[in-house]
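2 protein chains.
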Amino acid sequence: MNDRAGQAAILEGEATRDAVEPGRVDLDVLDDHVGYLIRRVQLWIFQDFERTLASVDIRPAEYSVLCVVGANPGLPQTKLAETLGIERARLVRLLDRLEARNLAKRVPSASDRRSHELHLTREGEAFLVQLKALAREHEGHVEQRLGAKGRRDLLALLQRFLAA
Amino acid sequence: MNDRAGQAAILEGEATRDAVEPGRVDLDVLDDHVGYLIRRVQLWIFQDFERTLASVDIRPAEYSVLCVVGANPGLPQTKLAETLGIERARLVRLLDRLEARNLAKRVPSASDRRSHELHLTREGEAFLVQLKALAREHEGHVEQRLGAKGRRDLLALLQRFLAA
DNA sequence: ACACAATTGTTGTCGTCAACAACGAAATTG
DNA sequence: CAATTTCGTTGTTGACGACAACAATTGTGT
C-alpha cells in the first residue's frame, strides 16, 4: 500500500524507496484545513507580538485586558472574563500581576460587595498608549505579509466568523 | 480621569457612574488586531475539531501527524517535526501514544542507525480514512459559518501568509 | 422572614502545549 | 583519530484552557 508512493518516487527519478526528498514533504489534505493553517499563523503572530512587546514585558492576554479595562472602566471581573473568553480563574492571577505592576487596580464595588470594579491606574493609562503604539507596529509586520487589502480581508473574515 | 466615562454614562442616561451596560462591552482597538481575532477563531475551531473527533479520541496534532506520515511513509522524526512546526521533544510522546494504539510504528533506519522511519500500521491506514471523513465533517461546520466562498478566501489568505 | 439557589472572586488541580537544556548513540567533518 | 553535529529521548519550565470547590454576598420563592 506504500507502493503508490514508492512508484511515484521512482517515476520522479528518486533513488530511494519510500524516503522523502529533503525539502518536499507532502502535507496531504492538511493545507485544506482551516484549523491547521490558522494554528500556524496564530503561532507566528503571537511570537511576533511577544517579540515586538518584549521590551515592555506584556503578553497578548495582558494587552487585551488592559485595552478592555481602559475602554470600560468599572467593569467587573466576570464581565471582562466572558468578554475576552478568558476563564475567571485565569483572570485572577493575570490581574494580580497587572496590579503588582501598578497598571490596574481592583476597587470594591459599592453596589455589590462581592464584585470588584476594574480600573487602570494613571500609570496604566499612560502605559497603554505606549502599548498600543507597539501593537500597531506588530500589526505592521502582519500587513507586510498580506498587504493592506489582504489584512483587511482577513480581519473581515475573522470578524464574520465570530459574529455568526 | 474616569470623569469622562462617568459623564458619558450620565449623558447617555445611565444611572451608575462608570458601570458598563450588560451586553455591550467596548473592545476598543482589539477587533482590529488580527492576533486577537485569530486566537478566538482558532480556539473555536480546535474545540469543534476535538468535539467532532471525540468518538475516535484524536486531537488536532495527532491528526496532522497521521496525515503527513500517511502521505510520506519512511519520514524520519526530525523532518516530520520541522514540517509540522512541532518540537522534536513533543513528537516523541505523541508518537509513543500513536504507537501504543497500533496506528503508527517506528522502524529503525538501515542507512542511519540514529533515526527511525515512520510508517502507519495497516490499522492506522484504515483508521486515517475514517479520520479524514470526520475532519471533513468538521470542516463543514466551518463552512457553515463562512459559506463556501468565505472558507476558500480564508484558506487562500492563510496559505498566502505562511508562504510569504 | 427564612431557607435555598445563584453569583463573584478566589484557590487549587489537571492536562495540553511551546520552549529550552541536556544527554547517549551514531554519523559527519577536519 | 579527534572534534563537531545530528537524532531521538528525557526532563523541566511557564503559559494556557478547563474544571471543581469554597466563602462571602446577593437574589428568589414561599
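Chains as they are written, first to last, in my numbering: chain A, 1 to 164; chain B, 1001 to 1164.
Beta carbons are placed, not taken as given, at the ideal position from N, Cα and C, and that holds for glycine.
Classification of residue i by the beta-carbon crowding that lies within 10 angstroms, buried from 16 upward
i	result
A/T16	A caution first: A/T16 carries a pLDDT of 37, below 50, which makes its placement in the model unreliable, though a value can still be read off. A/T16 should be labelled exposed.
A/P73	buried
A/A110	exposed
B/E1039	Per the sequence shown, the amino acid found at residue 1039 of chain B is Arg instead of Glu. By the 10 Å Cβ count, B/R1039 comes out buried.
B/A1104	buried
B/V1142	buried
A/R113	exposed
A/R151	buried
A/E170	Any property of residue 170 of chain A remains undetermined from this structure, which presents chain A solely from 1 to 164.
A/D3	Below a pLDDT of 50, predicted positions are generally treated as unreliable, and A/D3, at 37, falls in that range; the measurement from the model is reported next regardless. Looking at its Cβ environment, which holds fewer than 16 other Cβ atoms inside 10 Å, A/D3 is exposed.
Given residue i as reference, the closest of the options once Cα atoms are compared
i	options	result
B/R1051	B/E1139, B/D1031, B/D1112, B/N1072	B/E1139
B/L1146	A/R152, A/E62, A/A156	A/A156
B/G1085	A/Q42, A/L103, A/R101, A/E62	A/Q42
A/W44	B/W1044, B/V1034, B/D1048, B/Q1047	B/V1034
B/L1134	B/D1031, B/V1025, B/V1029, B/R1059	B/R1059
B/F1161	A/Q159, A/K149, A/F161, A/D26	A/K149
A/S115	A/V68, A/A164, A/L80, A/Q47	A/L80
B/H1028	A/S64, A/V25, A/L91	At residue 1028 of chain B the sequence reads Asp, which differs from the His that was named. It is A/S64 whose Cα lies nearest to the Cα of B/D1028.
A/S97	A/D112, A/L75, A/L66, A/R136	Residue 97 of chain A is actually Arg in this sequence, not Ser. Cα-wise, what sits closest to A/R97 is A/L66.
A/L95	A/L154, A/E62, A/D26, A/L75	A/E62
B/E1117	B/R1093, B/L1075, B/V1025, B/D1153	B/L1075
B/D1153	A/V25, A/D26, A/D32, A/R24	A/D32
B/N1102	B/V1025, B/D1026, B/R1122, B/L1091	B/R1122
Neighbourhood of residue i by C-beta, 8 Å cutoff - its chain only, sequence neighbours within 5 removed
i	result
B/G1070	L1120, G1124, E1125, L1128
A/S48	This sequence places Asp at residue 48 of chain A; Ser is not what is there. H138, H141, V142.
B/L1030	Y1036
A/F46	P60
Own chain partners of residue i with C-beta closer than 7 Å, once the 5 adjacent residues on each side are dropped
i	result
B/T1078	R1088
B/E1099	K1105, R1106
A/N83	Note that residue 83 of chain A is Thr in the sequence shown here, rather than Asn. Excluding positions up to five away in sequence, the list reads V68.
Own chain, CB closer than 6 Å to residue i, minus 5 neighbours either side, in chain order
i	result
B/V1056	none
B/L1053	L1134
A/Q144	none
Review point. What are the residues of the stretch 52-84 of chain A that lie near chain B, defined by any Cβ-Cβ distance shorter than 7 Å?
Key: Residues P60, S64, C67, V68, G70, A71, N72, P73, G74, L75, K79, T83.
Exercise for review: Go through the stretch 1040-1106 of chain B residue by residue and report every complete run of the alpha helix (DSSP H) that reaches 4 residues or more, in order.
Suggested key: Fully enclosed alpha helix (DSSP H) runs of no fewer than 4 residues occupy 1060-1071, 1077-1084, 1088-1100 of the stretch 1040-1106 of chain B, in order along the chain.
Exercise for review: Would you list, in chain order, the members of the stretch 1132-1160 of chain B that have their beta-carbon closer than 7 Å to a beta-carbon of chain A?
Suggested key: Listed in sequence order: K1132, A1135, E1139, V1142, R1145, L1146, G1150, R1151, D1153, L1154, L1155, L1157, L1158, Q1159, R1160.
**Study point:** Proximal residues, the stretch 1035-1049 of chain B versus chain A, C-beta separation under 9 Å
**Key:** Correct list: G1035, Y1036, L1037, I1038, R1039, R1040, V1041, Q1042, L1043, W1044, I1045, F1046, D1048, F1049.
Review point. Using a Cβ cut-off of 8 Å, which residues of the stretch 1088-1110 of chain B contact any Cβ in chain A, in chain order?
Key: Along the stretch 1088-1110 of chain B, none of the residues has a CB nearer than 8 Å to a CB of chain A.
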